[in-house]
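**Q** Numbering that gives the first Met the number 0 numbers the first residue of the sequence shown as 0 and each following residue consecutively. Shown below is the structure under consideration.
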Amino acid sequence: MNKLGPVNVGGTSPVRIMGILNTSPESFYKKSIKKGKEIARAVQQMEQDGADFVDVGAMSTAPYLTTLVSEKQEIKRITDAVKQIQNASNLPISIDTCRSGVAKAALDLGADIINDVTGLKYDKEMINTIAKTQPSLVLCAYGKKPLRGNLVAQTKLLLKESITLAKSAGIPTKKITLDPAVGFFRKTGKNPFYTKINSDWYKRDLEILQNLRFLKSNFPILVSVSNKSFIGKVLDRQDPSDRIFGSIAAEVISVLNGADIIRTHNVRQTKDAITIAEKFSRKFKKGL
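Following this line, the structure appears as structure tokens:
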């Protein structure tokens, strides 16, 4: 049985929900941005709506945005948010960062999970940070070199590289969850947090969701599709606020295809949808 923070994930565990809380005004989905007292209210609502974790971000990594902020600014945003969450809720805290200084500051305050969109490949000091503190990890598929060919197979290789890095830091297998990085494979981008490909990025994302079981390698899989660009591309919805129904549909499909954790902006709606989807998913596994 694997664990993400104190929560059992994967295997026979129910599908878990990770609520998204952004403290970065630069984030692509403006409704997810919280500051000040809004943070406490938002996390309490997530807990009430059925979230199993809260994932806190303090710098947007959306490939198509110019959103880099200083590490000092990211640390301040994260530490302020973590303190407020701890005072308002008992939800395990995941930190969405690829910077070791941010991870260390949050872990020192008691955060449970590091969610690195670069799979430990961006900041060379991240290995040392996690080796000292041994948090649970969400490792996203990421490569610094352009990819060609079979992108599902390439994604699996990138995840294996990150697993190797995590194990080199002494992180046990049971503390590792994988994320295929929907939305982070692009032809072009404005920040360093995406993997370059030459094919249509949204087709890659759709193919990944169809092949989640191929990527698992006995690790839990986290999927984050909430309000993302591929949904907007398929539905011709430019405003992320208009993508909720597409998001729910993609999340249900992800569960049916083997996802163990859904990371979402829409906790209540996602909880309802995956509760139903999981019933069908278990029937499929039993061959009923």
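Note that the Cβ used here is the ideal one computed from N, Cα and C, for glycine as well.
With burial defined as no fewer than 16 other Cβ atoms inside 10 Å of the residue's Cβ, what is the status of residue 237: buried or exposed?
**A** When all chains shown are included, residue 237 counts as exposed.
**Q** Applying the criterion that 16 or more other CB atoms from any shown protein chain within 10 Å of the CB defines a buried residue, is residue 89 buried or exposed?
**A** With fewer than 16 Cβ atoms within 10 Å of its Cβ, residue 89 is classed as exposed.
**Q** So if DSSP puts residue 263 in a beta bridge, which residue, or which two residues, is it bridged to?
**A** The partner list for residue 263 (beta bridge, DSSP) reads 18.
**Q** Below 8 angstroms CB to CB, which residues in the same chain sit around residue 5 once its five sequence neighbours on both sides are set aside?
**A** For residue 5, where only same-chain residues beyond five positions count, the Cβ hits under 8 angstroms are 91 and 111.
**Q** Applying the criterion that 16 or more other CB atoms from any shown protein chain within 10 Å of the CB defines a buried residue, is residue 263 buried or exposed?
**A** Residue 263 should be labelled buried.
**Q** Report the start-end ranges of each alpha helix (DSSP H) in the segment 142–181 that is 4 residues or longer and not cut off at the edges.
**A** You should have 150–167.
**Q** Could you pull out every residue in the same chain whose Cβ sits closer than 7 angstroms to the Cβ of residue 207, ignoring the five residues on either side in sequence?
**A** Answer for residue 207: 151, 154, 179 and 181, listed in chain order.
**Q** Taking residue 221 and residue 269 to be in contact with their CB atoms under 8 angstroms, please state how far apart those CB atoms are, rounded to whole angstroms.
**A** Actually they are not in contact, since the Cβ atoms of residue 221 and residue 269 sit about 13 angstroms apart, beyond 8 angstroms.
**Q** Using only CA atoms, which one of 168, 201 and 164 lies nearest to residue 186?
**A** It is 201.
**Q** Any Cβ of chain C within less than 8 angstroms of the Cβ of residue 210?
**A** The structure shown has no chain C; it contains just one protein chain.
**Q** Out of 40, 23 and 103, point me to the one whose CA is closest to residue 67's CA.
**A** If we check each option's Cα against that of residue 67, 23 comes out closest.
**Q** So, is residue 287 buried or exposed, given that buried needs 16 or more other C-beta atoms within 10 angstroms?
**A** With a pLDDT of 41 at residue 287, under the threshold of 50, the predicted position of this residue should be treated as unreliable, though the coordinate-derived value follows. Exposed is the call here.
**Q** Taking residue 2 as part of the beta strand (DSSP E), name the residues at either end of that continuous run.
**A** Taken as a continuous stretch (DSSP letters only), the beta strand (DSSP E) holding residue 2 covers 1–3.
**Q** Evaluate residue 37 with the Cβ neighbour count: other Cβ atoms within 10 Å of its Cβ, from every protein chain shown; 16 or more gives buried, anything less gives exposed.
**A** Exposed, because fewer than 16 other Cβ atoms sit within 10 Å of the Cβ of residue 37.
**Q** List, from N- to C-terminal side, the alpha helix (DSSP H) runs of 4 residues or more that fit wholly inside the segment 92–144.
**A** Within the segment 92–144, the complete alpha helix (DSSP H) runs of at least 4 residues are 99–107 and 125–132.
**Q** What do you reckon, are the CB atoms on residue 104 and residue 126 nearer than 8 angstroms?
**A** No, the pair does not count as a contact, with Cβ atoms beyond the cut-off.
**Q** May I ask you to list the residues that DSSP assigns as paired with residue 195?
**A** Answer is 185, bridged to residue 195.
**Q** Would you mind listing the alpha helix (DSSP H) stretches within the segment 201–263 that are 4+ residues and don't spill past its ends, in chain order?
**A** Correct list: 211–214, 228–234 and 243–255.
**Q** Any idea if residue 2 is buried or exposed, counting beta-carbon neighbours within 10 angstroms, 16 or more meaning buried?
**A** Buried: at least 16 other Cβ atoms inside 10 Å.
**Q** By Cβ distance, which residues of its chain are closer than 6 angstroms to residue 234, with the 5 residues on each side in sequence left out?
**A** Correct list, in chain order: 245.
**Q** Rounding to the nearest angstrom, what Cα-Cα distance links residue 277 and residue 255 in this structure?
**A** If I take the Cα positions, the gap works out to 7 angstroms.
**Q** Is the CB-CB distance between residue 0 and residue 10 below 8 angstroms?
**A** Result yes, Cβ atoms of residue 0 and residue 10 sit closer than 8 angstroms.
**Q** What three-state label does DSSP hand residue 54 in the structure shown?
**A** Note: residue 54 maps to strand in three-state DSSP.
**Q** How many angstroms separate the CA atom of residue 288 from the CA atom of residue 44?
**A** No answer is possible for residue 288: the residues shown for the chain start at 0 and end at 287.
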